[in-house]
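**Q** For any residue, its number in our numbering is found by taking its place in the sequence shown, counting from 1, and adding 325.
Using N, Cα and C, we set each Cβ at its ideal position, and we do this for glycine too.
Bear in mind that the values here come from a model prediction, so they are computed numbers and not experimental data.
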Amino acid sequence: MPFYHKLGKIPPKRHIQFRKPDGSLYYEQLFGTVGFDGMYSNIYHEHRPTMVKEIKKQYSVAPKIARANNIQSYRFHGFKVKPENDYLESRKTVLTNSDCSIVLAAPKQSTKDYFYKNTDADEMIFIHKGTGKLRTFLGNLDFKYGDYLLIPRGIIYQIDFDTEDNRLFIVETHRPTYTPKRYRNWFGQLLEHSPFCERDMRRPEALETRD
326 MPFYHKLGKI
336 PPKRHIQFRK
346 PDGSLYYEQL
356 FGTVGFDGMY
366 SNIYHEHRPT
376 MVKEIKKQYS
386 VAPKIARANN
396 IQSYRFHGFK
406 VKPENDYLES
416 RKTVLTNSDC
426 SIVLAAPKQS
436 TKDYFYKNTD
446 ADEMIFIHKG
456 TGKLRTFLGN
466 LDFKYGDYLL
476 IPRGIIYQID
486 FDTEDNRLFI
496 VETHRPTYTP
506 KRYRNWFGQL
516 LEHSPFCERD
526 MRRPEALETR
536 D
């Protein structure tokens, strides 16, 4: 069941003129992960969201397969992953297939110098250790140990940590992340036997305009 949620000022109707105090127009963006057929958000920008400042040198971040078609059991010591300063460089893919990738990370520093967008996959980040704030163009959200951060593909975000001692368990999925159908009624409401409910879900709480 979708939650209607709004932050900041919005027009009374969709797809109408929405003007700034100086009379110029805000730019409306229809943001979704499955084209026009899936869940979506209407976002309003100070500047055109299609503008590109620069394109720098590209390099591959695709995981390298160490052993394909493996049937042997392995034990991974996740807490032995070496901490690294950069958030992206600290992410280590340990398992991958055509559906998802399992990633471990121990970042020491926040992403204050850049924003990040995963255009290939949704991200589910389990906070194994650490506290901080997730900053997105849909709003900001505080996190702590035990939280799951669900970040749909295409979301531009920063992640700020309170300390350098952080441990993350990340699942990158190439299909949208939904609640299991067996836990939902026909309207999408979570059923009584579901191990979690709407009370467990938090949405972005503060809008920080950095357009």
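1) Quick one: residues in its chain with C-beta nearer than 6 Å to the C-beta of L545, no 5 flanking neighbours on either side, listed in chain order?
2) Let me make sure I understand the geometry here. Which of L355, S398 and I341 has the alpha-carbon closest to that of S366?
3) Decide if V428 is buried, meaning its Cβ has at least 16 other Cβ atoms within 10 Å, or exposed.
4) Could you round the C-beta distance between F468 and S435 to whole angstroms and report it? I think they count as a contact, below 8 Å.
5) Alpha carbon to alpha carbon, what distance is there between H340 and E353?
6) Which same chain residues, not among the five before or five after F462, have their C-beta less than 7 Å away from its C-beta?
7) Evaluate contact between the region 502-513 and the region 392-399, counting only Cβ atoms and requiring at least three cross-stretch pairs below 8 Å.
8) Going straight from the alpha carbon of L474 to that of L459, what length do you get?
9) Return the chain-ordered list of same chain residues with a C-beta closer than 8 Å to the C-beta of F361, the five sequence neighbours on each side being excluded.
10) How many angstroms separate the CA atom of F542 from the CA atom of N491?
**A** So, from the data block:
1) There is no way to answer for residue 545, as the model of the chain reaches only from 326 to 536.
2) As a first step, residue 366 must be located in the sequence shown, where it is residue number 41. That would be L355, whose Cα lies nearest to the Cα of S366.
3) Residue 428 sits at position 103 when you count from the first residue of the sequence shown. Here V428 is buried, its C-beta having at least 16 other C-beta atoms within 10 Å.
4) To locate residue 468, count along the sequence shown from 1; it is residue 143. To locate residue 435, count along the sequence shown from 1; it is residue 110. Actually they are not in contact, since the Cβ atoms of F468 and S435 sit about 12 Å apart, beyond 8 Å.
5) Reading the sequence shown from its first residue, position 28 is the one you call residue 353. Reading the sequence shown from its first residue, position 15 is the one you call residue 340. Distance between the alpha carbons of E353 and H340 is about 7 Å.
6) To locate residue 462, count along the sequence shown from 1; it is residue 137. Closer than 7 Å at the Cβ level, and outside the excluded window around F462, lie I368 and I481.
7) Under the three-pair Cβ rule at 8 Å, the region 502-513 does not count as touching the region 392-399.
8) Your numbering for residue 474 matches position 149 in the sequence shown. Your numbering for residue 459 matches position 134 in the sequence shown. Looking at the two C-alpha atoms, the distance is approximately 9 Å.
9) Sequence index remark: in the sequence shown, residue 361 carries index 36 (1-based). L355, listed in sequence order.
10) Past the edges of the chain, shown from 326 to 536, lies residue 542, and the structure says nothing about it.
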